[in-house]
Amino acid sequence: MTWSGWNTGKFLGLTLLLALAGCSEKAPEAPYEAPSVSPKSAPGVAFTYYYDFLLPNTAVASIQEQHASACEKLGPARCRIKGLEFRVGRGEDTRASLDLLLDRDLARSFGKEGVAAVVQAGGQLSSQTITGEDLAPKLAQAAQAAAEAEARLIEIDQRLKQPGLGDRERTQLQEEASTLRRDKSNAKVNTSDAQVQLASTPMHLHYQGIAALAISDNPFAGAIEAMMSSGRMMVWTVLLGLGTAVPWILLLLACLLVWRLPSVRRLIAIVSGTKPPTKE
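Rendered as structure tokens:
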């Protein structure tokens with residue numbers, strides 16, 4: 007090999023090593039900027055946020071704890087934890103979830119900060135869903151029902167104060183007034199429920215743990231992880247097969263040993279009416 011050829015090969019090898027190093031040391035990045043909705047753009051809509059994260063198995067518990075701690079720091083008036091779950095599967099893959107109830111004005115920023123924390127830990131956002139329920143018609147209907155009931159109650163009260171009112175009409179007006187007061191009370195409850203629903207935003211965080219190499223953009227790391235996963239599955243399948251077959255093999259061997267016992271063979275010969283086997 008000539009000197010120039012050796013230098014060219016050395017340069018190409020060094021370039022390849024630098025490229026591989028760059029792939030392995032690349033910092034995790036979000037695959038995209040997740041869409042979000044500002045509550046100010048929809049004042050009568052109650053939103054619910056759903057986040058699905060992919061994380062290294064070793065990072066799931068810490069990120070879940072980090073999100074829960076961030077909620078606790080906001081205080082119960084602005085954020086409350088409704089539920090928490092953490093489990094490790096048979097293949098050592100970790101799954102967890104965290105259900106929060108956030109102040110309406112804080113949900114959007116809390117979600118973005120939560121995604122940033124996941125990315126910083128080497129994970130990524132796999133999906134995000136925002137659903138909404140338009141409560142404006144419900145609020146308007148309740149307000150209208152309450153106003154109509156109030157106006158009718160005023161009319162009934164004025165009628166009841168008039169002299170010469172018959173007993174039958176008085177009874178009918180009093181029953182109608184009682185019904186209107188119940189309708190007014192129900193409208194007030196519906197309005198209160200809708201306002202509470204608007205003020206609090208549910209947020210569901212789901213964490214799926216996988217091997218750390220699987221999240222990397224390095225294709226060699228992905229190939230290695232696929233090979234390791236296939237190897238683990240093969241070992242698990244072999245162990246499962248052995249666990250199923252070994253008891254039956256042991257039972258068969260035990261039956262053969264019992265069959266070869268002289269006393270057992272003589273007993274079988276007596277029962278069957280054949281000549282007992284003689285010792286050779």
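In terms of the numbering used here, the sequence shown opens at residue 7 and continues consecutively.
Glycine is no exception: its CB is placed at the ideal position from the N, C-alpha and C atoms.
Exposed or buried, what is residue i when buried is set at 16 or more other beta-carbons lying within 10 Å of its beta-carbon?
i    : result
R93  : exposed
R114 : buried
A33  : Per-residue confidence for A33 stands at a pLDDT of 42, beneath the threshold of 50, marking its modelled position as unreliable; no derived number is given.
P253 : exposed
G117 : buried
C77  : buried
K190 : buried
C85  : buried
G172 : exposed
A193 : buried
V195 : exposed
V277 : exposed
V124 : buried
Give a yes or no on whether the C-beta atoms belonging to residue i and residue j are separated by under 8 Å.
i    : j    : result
L60  : I216 : yes
T197 : L145 : yes
Y213 : I69  : yes
Q168 : Y56  : no
S206 : L107 : yes
G138 : A52  : yes
S132 : D199 : no
G129 : P62  : yes
So, under 8 Å CB-CB, residue i and residue j are touching, yes? Tell me the CB distance rounded to an integer number of Å.
i    : j    : result
K166 : L179 : The residue you asked about is not Lys; residue 166 is Leu in the sequence shown. Right, the Cβ-Cβ distance comes to about 6 Å (below 8 Å), so this counts as a contact.
A65  : A127 : 4 Å
Please list, in chain order, all residues of the same chain as residue i whose beta carbon is under 7 Å from its beta carbon, the five residues on each side excluded.
i    : result
A142 : G50
L204 : A52, R110 and L141
D99  : N63, G215 and I216
R176 : L166
Excluding five sequence neighbours on each side, which residues of the same chain lie with their C-beta closer than 6 Å to the C-beta of residue i?
i    : result
I162 : L179 and A183
R181 : In the sequence as presented, Arg is not what sits at residue 181; that position holds Glu. So no residue of the chain qualifies.
E154 : none
E156 : none
L298 : Any property of residue 298 remains undetermined from this structure, which presents the chain solely from 7 to 286.
A251 : none
S103 : E91 and H212
Using C-beta distances below 8 Å, list every residue in its chain close to residue i, excluding the 5 sequence neighbours before and after it, in chain order.
i    : result
D105 : I87, K88, G89, L90, P208, M209, H210 and L211
G95  : R101
A149 : A193 and T197
A74  : I87, L90 and L104
Just list the alpha helix (DSSP H) runs in the stretch 54-101, keeping only unbroken ones of 4 residues or longer that don't cross its boundaries, in chain order.
Qualifying alpha helix (DSSP H) stretches, in chain order: 66-80.
Complete alpha helix (DSSP H) runs within the stretch 159-219 (minimum length 4 residues, chain order)
You should have 173-205.
If we require 4 or more residues per run, which alpha helix (DSSP H) segments fall completely within the stretch 97-163?
Taking only runs of at least 4 residues, the alpha helix (DSSP H) segments lying wholly in the stretch 97-163 are 113-126.
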